[in-house]
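Q:
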Amino acid sequence: MGKLYGLIGHPVGHSMSPLMHNGEFKALGLSHHYQAFDLSPEQLEDGVEAMKMLDIQGFNVTIPHKVAIIPLLDEVEQEALDIGAVNTVYKRDGKYIGTNTDGKGYLLSLLTLMKVKDLKNKRVLVIGAGGAARAVAVSISRAGVLSLTIANRTLEKAENLTSVCHAYTTANATTLQEAEMMLSHFDIIINTTSIGMSPHLDRMPLSLEDLNKGTVVSDLIYNPLETKWMRLSKQKGAVTDNGISMFVEQGALAFEKWTGETPDRERMRNAVLKELGGYSC
Ligand code: ATR
Numbered sequence: 208m209g210k211l212y213g214l215i216g217h218p219v220g221h222s223m224s225p226l227m228h229n230g231e232f233k234a235l236g237l238s239h240h241y242q243a244f245d246l247s248p249e250q251l252e253d254g255v256e257a258m259k260m261l262d263i264q265g266f267n268v269t270i271p272h273k274v275a276i277i278p279l280l281d282e283v284e285q286e287a288l289d290i291g292a293v294n295t296v297y298k299r300d301g302k303y304i305g306t307n308t309d310g311k312g313y314l315l316s317l318l319t320l321m322k323v324k325d326l327k328n329k330r331v332l333v334i335g336a337g338g339a340a341r342a343v344a345v346s347i348s349r350a351g352v353l354s355l356t357i358a359n360r361t362l363e364k365a366e367n368l369t370s371v372c373h374a375y376t377t378a379n380a381t382t383l384q385e386a387e388m389m390l391s392h393f394d395i396i397i398n399t400t401s402i403g404m405s406p407h408l409d410r411m412p413l414s415l416e417d418l419n420k421g422t423v424v425s426d427l428i429y430n431p432l433e434t435k436w437m438r439l440s441k442q443k444g445a446v447t448d449n450g451i452s453m454f455v456e457q458g459a460l461a462f463e464k465w466t467g468e469t470p471d472r473e474r475m476r477n478a479v480l481k482e483l484g485g486y487s488c
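Rendered as structure tokens:
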């Protein structure tokens with residue numbers, strides 16, 4: 208029988224998740240449905256109660272509810288607690304359990320890009336210390352890296368994030384200026400800030416003067432699909448990727464948690480790219 212899944216956020220109108228999940232339900236012959244629900248912060252508590260009454264089998268959580276939902280759930284997985292945010296809820300034995308597939312999704316997409324099984328000998332630089340950085344930095348350090356450096360405009364926020372990651376790896380905080388001078392020291396550099404996102408296409412999170420050939424440079428931005436920073440990195444011989452891979456993988460992991468089925472990542476990616484193409488027309 209068809210089951211109901213969904214998304215809560217505010218706003219949710221431009222989310223590509225309904226298209227991605229409903230497309231995959233259809234392609235796999237599942238009669239489930241994924242519905243976006245726009246809930247303001249004031250409506251969150253009643254909204255989550257309503258989701259439970261509807262017997263919804265799982266849902267995604269997006270801005271601004273990823274932190275506020277935590278106390279409203281029956282259980283929250285440790286990784287999501289470390290990140291301090293829930294992006295996916297699933298139902299098991301009558302309980303609504305919070306997890307976070309953003310960080311894990313990013314990690315898996317990075318392993319695929321690099322064609323490696325782990326990051327144990329990699330030195331990683333994360334630029335930014337906001338919500339996206341927390342997911343990426345925590346999941347990467349839980350998986351194990353040689354070292355993790357977090358660079359942020361507000362140093363204190365980077366220091367707070369390193370204190371969580373310290374439990375899993377060698378982590379330190381730095382300024383953007385210092386990171387810029389140490390670029391050649393890193394194997395993987397990840398931009399989690401919105402610098403370079405449309406319409407500010409000319410901006411870059413860091414100058415790339417000291418970038419080594421062969422470094423992996425990843426930008427979580429997908430609007431535009433290739434930021435100026437990614438384009439220049441590629442010109443300097445870096446291996447680059449945009450934020451589509453993480454978006455697709457976090458969705459695929461949620462899909463697997465909910466249905467037990469393996470979605471076709473390539474088909475999901477194509478659906479998202481088609482939608483983005485439509486937006487920019
Ligand atoms: P998200 O949840 O998408 O990560 P966020 O929590 O608002 O968004 O975090 C945005 C990140 O981008 C922060 O690290 C922010 O730096 P501060 O902590 O100093 O605010 C960074 N950021 C955004 N705009 C920036 C800019 N113009 N220059 C430098 N850093 C910027």
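In the working numbering, the protein residues as written are 208 to 488.
Ideal Cβ placement from N, Cα and C applies to all residues, glycine included.
1. Terminal residues of the continuous beta strand (DSSP E) containing S425?
2. Quick check on V323: buried or exposed, where buried means 16 or more other Cβ atoms within 10 Å of its Cβ?
3. If L499 and I347 are in contact, beta carbons under 8 Å, what's the gap, nearest whole angstrom?
4. Which class does H221 belong to by DSSP, given the choice of helix, strand or coil?
5. Which full runs of the beta strand (DSSP E) of 3+ residues lie inside the region 294-370, going along the chain?
6. Which one or two residues does DSSP pair with D169 in a beta bridge?
7. Pop quiz: A336 and K311 are said to be a contact at Cβ under 8 Å. What is the actual Cβ separation, rounded to whole angstroms?
8. Please look up how many angstroms separate the CB atoms of A344 and L368, rounded, as I've assumed it's under 8 Å.
9. Examine ligand 1 and report whether any of its heavy atoms sits within less than 7 Å of the Cβ of T369.
10. Do L432 and L415 have their beta-carbon atoms positioned less than 8 Å apart in this structure?
11. Closer than 6 Å between the C-beta and any heavy atom of ligand 1: which residues qualify, listed along the chain?
12. Measure from the alpha carbon of N477 to the alpha carbon of each residue in G220, L226, K210 and L214, then state which is nearest.
13. Return the CA-CA distance between V219 and Y241, expressed in angstroms with no decimal places.
14. How big is the Cα-Cα spacing for G209 and P278?
15. Let me confirm a value: G467 is counted as buried when at least 16 other C-beta atoms fall within 10 Å, else exposed. Which label applies?
16. Are the beta-carbon atoms of L317 and S425 separated by less than 8 Å?
17. On a Cα-Cα basis, can you pick out the residue from Y429, A257 and D448 that is closest to T422?
18. Give the DSSP-derived three-state secondary structure of G291 in the structure shown.
19. Report yes if the CB atom of L408 is closer than 8 Å to the CB atom of A380, and no otherwise.
20. Considering only DSSP beta bridges, list what R455 is partnered with.
21. Under three-state DSSP, which class holds R476?
22. Among T295, M437 and V283, which has the Cα closest to the Cα of I263?
23. Which whole-angstrom value is the C-beta distance of L315 and E473, which I expect to be below 8 Å?
24. Could you round the C-beta distance between G450 and L427 to whole angstroms and report it? I think they count as a contact, below 8 Å.
25. Please report how far the alpha carbon of W436 lies from the alpha carbon of Y429, in whole angstroms.
26. Excluding the 5 residues flanking V274 on each side, which residues of the same chain have their C-beta closer than 7 Å to its C-beta?
27. Kindly indicate the opening and closing residues of the alpha helix (DSSP H) around G265.
28. Taking only three categories from DSSP, how would you classify H407?
A: With the structure as the only source:
1. V423 to D426
2. exposed
3. No answer is possible for residue 499: the residues shown for the chain start at 208 and end at 488.
4. H221 falls in the coil class under three-state DSSP.
5. 295-299, 302-306, 326-334 and 352-358
6. Only positions 208 to 488 of the chain appear in this structure, which leaves residue 169 out of reach.
7. Their Cβ separation, rounded to whole angstroms, is 19 Å, which puts A336 and K311 out of contact at 8 Å.
8. 6 Å
9. no
10. no
11. Any residue whose Cβ sits closer than 6 Å to a heavy atom of ligand 1 makes the list: G335, A336, G337, G338, A339, A340, N359, R360, T361, K364, T399, T400, S401 and I402.
12. L226
13. 13 Å
14. 29 Å
15. G467 is classed as exposed because its beta carbon has fewer than 16 other beta carbons within 10 Å across all chains shown.
16. Yes, these two residues count as a Cβ contact at 8 Å.
17. D448
18. Correct three-state label for G291: coil.
19. no
20. Rather than Arg, the amino acid found at residue 455 in this sequence is Val. Looking at the DSSP assignment, V455 forms no beta bridge with any residue, so it has no partner.
21. Reduced to three states, the DSSP call for R476 is helix.
22. T295
23. Not a contact, Cβ separation roughly 14 Å.
24. With 8 Å as the limit, G450 and L427 qualify as a contact, their Cβ atoms being about 4 Å apart.
25. 12 Å
26. Closer than 7 Å at Cβ, skipping near neighbours: G291 and A292.
27. Unbroken run through G265 is the beta strand (DSSP E), G265 to V268; no alpha helix (DSSP H).
28. coil
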